[in-house]
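Q: Residue numbers (the numbering used here): 158 to 576. Virtual Cβ for every residue (Gly too), placed ideally from N, Cα, C. Before I ask anything, let me first share the structure, which is written out below as structure tokens.
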């Protein structure tokens, strides 16, 4: 991809430092493109290892990242987003049973709500950016989410099915449903169908308003089919990347932002209070709890740290969450947190030698690879870079679309409207 000094369109409305940060992120991430199809996982040097397999989750996340770049009119990103959409349609969609393949090499691999949400997220952003095939992909993915994973009885998603959608797992999870709120909001903004936002609100009401509130904002993540919390789930797998034991600090931060975004389109009287409480809980239990700066991964139900290493995505989500708290709620402490968390990320997470961000640090803020190998993720960094510079909206693409008309108005948050 080409990178020149010219900046046009929405990209030109970003501050120069943000534009430079975004260009650096996109440049690094572009190396994940596989020559034949999709995207793979980058190593710590930003290289795609020889023979790196097609990675469904990273293909979706990279497609989303490049589609947001294309929506911002960044040079070279439209081609990368198009590559992603074509790859998902041709190599990751199950044309026999529907849904997205979680492992293209295994015909019996399960279908997961988590992955399908990221397919929809990528398709929604690509649709805004005018990427060919995005409408087809969004139609497929939104139909799969609605017809296969959505439970109208529960007001939430079933987590996992077998390939043919004949048998569902009894496991229910907050992680997939959190990303469903993100994806449903994105679909709603892309299509203008407000019912997607109402479904997102139902998920949030179940998991946050009912369950997290009942546990003193120590949000359970794992449930049985009746949505009964399973508080000992994965006690033997503390460092699980997607389903760890205990309270996941980064998810409290993500939820705090998502609630304020959701409140712009389907407001509820409990959302602001819940957002404040989740943010405060994450800040109190997760930040600098062992004397050194940084957010730990998980805590026990009494608030005791469990996994003390520092995943990069938690600090990056904290930047976006703190900025949203500060601008929407006028929270001066959160405004100070934005600068604190940015300084932490710049000091410890930024890899000035090889580029991008160290994905995991130990308790002394030294790079480690206990949960992450390499630097596969650009999705969380994209959020941290862009959210503080964009008006409030229910989705990141919606924030970008509001950029031209509202970017310079930083005194009052932008009011989102579907009209």
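Between 232, 454 and 214, which lies nearest to residue 257 when the distance is taken from Cα to Cα?
A: For the purposes of this step, residue 257 is taken as residue 100 along the chain shown, with counting starting at 1. Residue 257 has its Cα closest to that of 214, out of 232, 454 and 214.
Q: Quick one: grab the DSSP three-state call for residue 470.
A: Counting from 1 along the chain shown, the entry for residue 470 is found at position 313. Three-state result, residue 470: helix.
Q: Between residue 182 and residue 242, is the Cβ-Cβ spacing less than 8 Å?
A: Within the chain shown, residue 182 is the residue found at index 25, counting from 1. Within the chain shown, residue 242 is the residue found at index 85, counting from 1. In this structure, residue 242 does not lie closer than 8 Å to residue 182 by Cβ.
Q: According to DSSP, is residue 201 helix, strand or coil?
A: As a first step, residue 201 must be located in the chain shown, where it is residue number 44. Correct three-state label for residue 201: coil.
Q: Do residue 288 and residue 238 have their C-beta atoms closer together than 8 Å?
A: The count along the chain shown starts at 1 and reaches residue 288 at position 131. The count along the chain shown starts at 1 and reaches residue 238 at position 81. Contact flag set, yes.
Q: Does the separation of the CB atoms of residue 343 and residue 286 fall below 8 Å?
A: For the purposes of this step, residue 343 is taken as the residue at position 186 of the chain shown. For the purposes of this step, residue 286 is taken as the residue at position 129 of the chain shown. No, the Cβ-Cβ distance between residue 343 and residue 286 is not below 8 Å.
Q: Let me know if residue 301 comes out buried or exposed under the rule of 16 or more other beta-carbons within 10 Å of its beta-carbon.
A: Your numbering for residue 301 matches position 144 in the chain shown. Result: buried.
Q: Excluding five sequence neighbours on each side, which residues of the same chain lie with their C-beta closer than 7 Å to the C-beta of residue 248?
A: Counting from one through the chain shown, the residue named residue 248 turns up at place 91. Cβ within range, chain order: 194, 195, 211 and 261.
Q: So what does DSSP say about residue 497, is it helix, strand or coil?
A: The sequence position of residue 497 within the chain shown is 340, counting from 1. DSSP places residue 497 in helix when its eight states are reduced to three.
Q: So, helix, strand or coil for residue 444, using DSSP?
A: Locating residue 444 in the chain shown gives position 287, where the first residue counts as 1. If DSSP states are grouped into helix, strand and coil, residue 444 belongs with the strands.
Q: Report yes if the C-beta distance between residue 434 and residue 472 is below 8 Å; otherwise report no.
A: Counting from 1 along the chain shown, the entry for residue 434 is found at position 277. Counting from 1 along the chain shown, the entry for residue 472 is found at position 315. No.
Q: On the three-state DSSP scale, how would you describe residue 379?
A: If you number the chain shown from 1, residue 379 lands on position 222. In this structure, residue 379 counts as strand in the three-state DSSP scheme.
Q: Quick check: the Cα distance between residue 583 and residue 528, rounded to an integer number of angstroms?
A: With the chain covering only 158 through 576, there is no way to say anything about residue 583.
Q: Can you tell me whether residue 296 is buried or exposed, with buried defined as 16 or more other CB within 10 angstroms of its CB?
A: Taking the first residue of the chain shown as 1, we reach residue 296 at position 139. Exposed: under 16 other Cβ atoms inside 10 Å.
Q: Helix, strand or coil for residue 315? Go by DSSP, reduced to three states.
A: Within the chain shown, numbered from 1, the residue matching residue 315 stands at position 158. Correct three-state label for residue 315: coil.
Q: Could you pull the start and end residues of the alpha helix (DSSP H) that residue 213 belongs to?
A: Here the question's residue 213 lines up with position 56 in the chain shown. From DSSP, the alpha helix (DSSP H) with residue 213 extends over 213-228.
Q: Would you call the region 352-362 in contact with the region 371-385, where contact means no fewer than 3 C-beta pairs closer than 8 Å?
A: They do not touch, by the three-pair rule.
Q: Are the region 434-443 and the region 502-513 touching, with three or more C-beta to C-beta distances below 8 Å?
A: With the cut-off at 8 Å, the region 434-443 and the region 502-513 do not touch.
Q: Should residue 207 be labelled buried (16 or more other beta-carbon atoms within 10 Å of its own) or exposed?
A: Residue mapping note: residue 207 aligns to position 50 of the chain shown, counting from 1. Exposed is the call here.
Q: Near residue 259, which residues of its chain fall below 7 Å by C-beta distance, leaving aside the five closest residues on each side in sequence?
A: The residue you call residue 259 lines up with position 102 of the chain shown. 213, 266, 267, 268, 269 and 272.
Q: Using C-beta distances below 6 Å, list every residue in its chain close to residue 400, excluding the 5 sequence neighbours before and after it, in chain order.
A: Your numbering for residue 400 matches position 243 in the chain shown. So the qualifying residues of the chain are 391.
Q: Specify the secondary structure class of residue 399 as computed by DSSP and reduced to three states.
A: Numbered from 1 along the chain shown, position 242 holds the residue referred to as residue 399. Of the three classes helix, strand and coil, the one that applies to residue 399 here is coil, per DSSP.
Q: Ignore the nearest five residues each way along the sequence and tell me which others in residue 319's own chain have a CB closer than 7 Å to its CB.
A: Along the chain shown, one-based indexing puts residue 319 at 162. Contacts found: 267.
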